[in-house]
Amino acid sequence: MLVSAKSMLEKAKAGKYAVGQFNINNLEWTKSILLTAQELNSPVILGVSEGAGKYMCGYKTVVGMVKGMIEELGITVPVALHLDHGSYEGAMKCIEAGFSSVMFDGSHYPIDENVAKTTELVRICNEKGLSLEAEVGAIGGEEDGVIGNGECADPNECKMIADLGVTMLAAGIGNIHGKYPANWPGLSFETLAAVSEKVGDMPLVLHGGTGIPADMIKKAISLGVSKINVNTECQLAFAAATREYVEAGKDLQGKGFDPRKLLAPGCEAIKATVKEKMELFGSVGKA
Ligand code: 13P
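First residue of the sequence shown? That's 44 in the numbering used here, and the numbers climb one at a time after it.
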């Protein structure tokens, strides 16, 4: 069964650990992440960007696949199916399709418009029992063709959005999607501490989890981060393992071209990445 992310994140915030959001791209991704969460007895959030939703043939297809897998694989840990960086229209579509959680990313709107649209979604999500993530201060890097610099959120604006009744809040603290450049100055813990102080018990979300050093992740969790998003790192691990398989000529041996064999090393690499992150985030055994 799919669950809202509310309860798992409240527990994480109180217990000083974080739940990983791992973005999915296809069946192999979803299966690898679900099996790892089950093996480690960890709650998990499956993230779907609007682009990935389109790639997987729409949100209804995604809901069908995830629900089917939960049942067929006997997954009993809490799983939230979450729209990542949704537009207002995208969020509405996911709510209708059966997602258990959505993010409305209004960070590129003037704050008043972000407030107005977030308010409307709070009402709808509350009515339907979904969790809602809002964002203040754009996360840098490239995602679905949108490029931004790692902004730092205004703590007062964070409080304004948190007070609308969202479930969790993504605040920009200099984090970036994708690989971090060599000259990246690191996370702004000053901003994070100020936001945390303003929003109290509200679980905070750290986007751009790929490539953030372990000590910074731990410090961010200690300052109120309860959800950490990871996408690129699974993609890099999958691509490297697949490349190794092909470069070793294994697709040319016997039935090595069978997609079940060709994609297997990539799936194992995703599992290893998810395991490493769950251990680092402290969510192992917290289902
Ligand atoms: P990365 O791709 O940098 O891991 O970021 C993922 C993310 O924040 C999805 O919203």
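Don't be surprised by glycine CBs; every beta carbon is placed ideally from N, CA and C.
So is the beta-carbon of residue i under 8 Å away from any non-hydrogen atom of the ligand 13P?
i	result
N66	yes
T253	yes
I182	yes
E194	no
T275	yes
G221	yes
G217	no
H151	no
G90	yes
N272	yes
D294	no
D127	yes
If you run the structure through DSSP and keep just helix, strand and coil, what is residue i?
i	result
D294	helix
E178	strand
L306	coil
F324	helix
K59	coil
V122	strand
S144	strand
L207	coil
V91	strand
V242	helix
I167	helix
K54	helix
C100	coil
Mark residue i as exposed unless 16 or more other C-beta atoms lie within 10 angstroms of its C-beta, in which case mark it buried.
i	result
K56	buried
K270	buried
D127	buried
D301	exposed
L295	exposed
P224	exposed
T119	exposed
P121	buried
D148	buried
N199	exposed
Y98	exposed
Exercise. Any contact of the segment 304 to 319 with the segment 74 to 92, i.e. 3+ C-beta pairs under 8 Å?
Worked result: yes
Exercise. Counting pairs of Cβ atoms below 8 Å between the segment 250 to 268 and the segment 232 to 242, do you hit three or more?
Worked result: yes
Exercise. Between the segment 135 to 146 and the segment 65 to 74, are three or more C-beta pairs nearer than 8 Å?
Worked result: no
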